[in-house]
Amino acid sequence: MSKMSHMSKQFQSGRYGLCLVVVLCLLLSSLALSHGKDLGSTTLELREKLSQAQKDLGTALYYTSAYRPPTHPIEALKPQPGTHARGVAVDIACNGTFISCDTIYTYAKTRFDGIGRYDTHIHLDLRGYPARWDKRKRK
Ligand SMILES: [Zn+2]
Numbered sequence: 026m027s028k029m030s031h032m033s034k035q036f037q038s039g040r041y042g043l044c045l046v047v048v049l050c051l052l053l054s055s056l057a058l059s060h061g062k063d064l065g066s067t068t069l070e071l072r073e074k075l076s077q078a079q080k081d082l083g084t085a086l087y088y089t090s091a092y093r094p095p096t097h098p099i100e101a102l103k104p105q106p107g108t109h110a111r112g113v114a115v116d117i118a119c120n121g122t123f124i125s126c127d128t129i130y131t132y133a134k135t136r137f138d139g140i141g142r143y144d145t146h147i148h149l150d151l152r153g154y155p156a157r158w159d160k161r162k163r164k
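My numbering applies: residue 26 is where the sequence shown begins, and numbers increase by one.
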């Protein structure tokens, strides 16, 4: 092997190494940031309450839905767009995640206005008055 091609091989493997490091960093940062839907376009009050909830509960919360524009298929079916379209609601995955739905429900009872219970997620909102509903099939 000539000296040149040896150097070129070393250079190439160095580049592959760098590529691998970059890919791993991207993967890790996407994992670290994967809390589900981002809370952009939700109100500051809601984001602060959820931030406090994560501290109090000692776990990240995984949001499956947050802000939905009035044209979103779920909102469009309603007579009037709901709390998700006002940016005051989130759905949080629970059961089968880091935290049980019951734990979030117990915590949320005194801190959120609207609470909807489902088998795989819980809906929390700050609509300004209390509302409760339970759509769980398994209880
Ligand atoms: Zn919801």
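Where a beta carbon is used, it is the ideal one built from N, C-alpha and C, also for glycine.
Just so we're clear, the structure is a prediction, and the values are computed from it rather than from any experiment.
{"Item": "Between D144 and R157, which are expected to be in contact by the criterion C-beta below 8 Å, what is the C-beta distance as a whole number of angstroms?", "Value": "Not really, about 16 Å apart at Cβ, beyond 8 Å."}
{"Item": "Identify whether Y88 lies in helix, strand or coil by the three-state DSSP scheme.", "Value": "strand"}
{"Item": "Tell me which residue opens and which closes the alpha helix (DSSP H) that D144 is part of.", "Value": "No alpha helix (DSSP H) contains D144, which DSSP labels as neither H nor E."}
{"Item": "Nearest-angstrom Cα distance between L82 and S125?", "Value": "11 Å"}
{"Item": "Would you give the residue range spanned by the beta strand (DSSP E) that I117 belongs to?", "Value": "A114 to A118"}
{"Item": "On the DSSP bridge list, what partners appear for R157?", "Value": "I140"}
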